[in-house]
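Shown next, in structure tokens, is the structure this report addresses.
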């Protein structure tokens, strides 16, 4: 895992966590609906995620990139545009969850980290049976949504439904899984236009 730009996302998560009070104060000055904020932050963090992924795969040929499921597309611009079809529905799904249920920062991170182990590389990371790759996927996928949540956290209601961790993680996992439906539609539309 030496020279892995994707791990910069985890570093950004740690920085966001460390400076959350200041970031939340800055966020409170932005006067737009919370759902739009979460979408905008997810687009930004998603852009960084895809940028790091492109950087991570810069030495691969387009064929190797697509063969190993490293990116949505071998074209950097197309990869970023396709990424919007994942990050925007993810923000919308989690907006509902974060408004209604009592998710802590660690709950979002753990849920998305586990989700990443299962679905990174279309399941290739999970099937690798490699704990180092699982940790890598966990840290990267745990980071991106959690960064956006940390910044907007203060605006979500405080008296939310409490429930156990297994149910909480299951809901988060299921809602994240449902975002594949709009992603597949988005992917087919974009690929038809390109």
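In this note's numbering, the protein residues as written are 1417 to 1610. Idealized CB from N, CA, C, for every residue including glycine. Keep in mind it's a predicted model, so treat the numbers as computed, not measured.
State the Cα-Cα distance for the pair residue i and residue j, rounded to the nearest angstrom.
i	j	result
residue 1548	residue 1420	13 Å
residue 1494	residue 1511	26 Å
residue 1443	residue 1567	7 Å
residue 1429	residue 1607	32 Å
residue 1603	residue 1502	9 Å
residue 1418	residue 1424	For residue 1418, the pLDDT reaches just 48, beneath the cut-off of 50, and the residue's location in the model is therefore unreliable, although a value from the coordinates is still provided. If I take the Cα positions, the gap works out to 12 Å.
residue 1546	residue 1483	19 Å
residue 1449	residue 1572	11 Å
residue 1438	residue 1457	16 Å
residue 1440	residue 1565	10 Å
residue 1427	residue 1609	36 Å
residue 1460	residue 1533	23 Å
residue 1472	residue 1431	21 Å
residue 1556	residue 1422	7 Å
residue 1596	residue 1475	28 Å
residue 1538	residue 1453	29 Å
With a threshold of 16 other CB atoms inside 10 Å of the CB of residue i, please say whether the residue is buried or exposed.
i	result
residue 1520	exposed
residue 1619	Coverage of the chain is limited to positions 1417 through 1610, which leaves residue 1619 absent and any answer about it impossible.
residue 1516	exposed
residue 1574	exposed
residue 1554	buried
residue 1522	exposed
residue 1499	buried
residue 1496	buried
residue 1434	exposed
For the alpha helix (DSSP H) holding residue i, just list the boundary residues, first then last.
i	result
residue 1423	1423-1434
residue 1588	1581-1594
Is the closest heavy atom of the ligand HEM to the C-beta of residue i under 7 Å?
i	result
residue 1498	As far as ligands go, the structure on display features none, and thus does not contain the ligand HEM.
Task: Segment contact flag, the stretch 1505-1522 with the stretch 1555-1571, C-beta cutoff 8 Å, min 3 pairs - done: Counting Cβ pairs under 8 Å, three or more are found: they touch.
Open item on the list: So, does the stretch 1579-1596 touch the stretch 1521-1535, judging by three or more C-beta pairs under 8 Å?
Closed with: yes
TODO: Would you check if there are 3 or more beta carbon pairs closer than 8 Å linking the stretch 1467-1476 to the stretch 1569-1586?
DONE: no
Open item on the list: Which runs of the beta strand (DSSP E) at least 3 residues long sit entirely within the stretch 1450-1498? Give them in chain order.
Closed with: none
Task: Sequence ranges, alpha helix (DSSP H) only - wholly within the stretch 1530-1556, length at least 4 - done: Counting only runs that start and end inside the stretch 1530-1556, the alpha helix (DSSP H) elements of at least 4 residues fall at 1540-1543.
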